[in-house]
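Residue numbers (the numbering used here): 877 to 1030.
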């Protein structure tokens, strides 16, 4: 087994311990398409409060920054986007994590203090506004996306 696999396996082991040993499916959870958009009218903070994140497990970061800076930036982005309304996922956003696919910048698992677990995938912004867009997925298959406000210069 490669040396790079050990940190991921250790993080996943901690994930299982933190989540009360309950298995969580973020890979194949079926979205509730027939019931409509489950988080309609809710903001990011109403679904995931940043201060309630017990642990952030970074799975992918396509940046030149150290891992600690990537994790701080993800928490900052979530704080900045707290008031953003959640939107139904677009067709290309229905897979929760890309597992190394080329269209995400960051992928992480959010472990909440109450035992909840969310997958987070952040995609690069468009050429016009340069804002990133992120999607959350929970174990029940609920999925919502939001725009991350641009960082003010300075």
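By construction, the Cβ of each residue, glycine as well, lies at the ideal position given by its N, Cα and C atoms.
Assuming residue i contacts residue j (C-beta within less than 8 Å), just tell me the rounded distance between them.
i: residue 902; j: residue 1015; result: 7 Å
i: residue 1007; j: residue 1023; result: 5 Å
i: residue 984; j: residue 932; result: 6 Å
i: residue 981; j: residue 938; result: 5 Å
i: residue 1001; j: residue 1009; result: 7 Å
Relative to the C-alpha of residue i, which residue among the options is closest?
i: residue 989; options: 916, 919, 926; result: 926
i: residue 915; options: 1027, 953, 1011, 981; result: 1011
i: residue 963; options: 983, 940, 931, 1021; result: 1021
i: residue 1013; options: 969, 979, 991; result: 969
i: residue 1033; options: 979, 961, 898; result: Outside the displayed span of the chain (877 to 1030) sits residue 1033, for which this structure offers no information.
Please determine whether the Cβ atom of residue i lies at a distance below 7 Å from any heavy atom of the ligand NAD.
i: residue 996; result: What this structure holds is no ligand at all, so the ligand NAD is not there to describe.
Between the C-alpha atoms of residue i and residue j, what's the straight-line distance to the nearest angstrom?
i: residue 966; j: residue 996; result: 15 Å
i: residue 1026; j: residue 1019; result: 22 Å
i: residue 917; j: residue 923; result: 11 Å
i: residue 910; j: residue 958; result: Low confidence applies here, because residue 910 scores a pLDDT of 47, under 50, leaving its location unreliable; read the following figure in that light. So the two alpha carbons sit approximately 27 Å from each other.
i: residue 900; j: residue 940; result: 30 Å
i: residue 929; j: residue 943; result: 17 Å
i: residue 946; j: residue 991; result: 23 Å
i: residue 949; j: residue 986; result: 14 Å
i: residue 898; j: residue 956; result: 31 Å
i: residue 954; j: residue 979; result: 19 Å
Write down every uninterrupted run of the beta strand (DSSP E) in the stretch 949-1020 whose length is 3 residues or greater and which is fully enclosed by it, in chain order. 982-988, 993-999, 1009-1014
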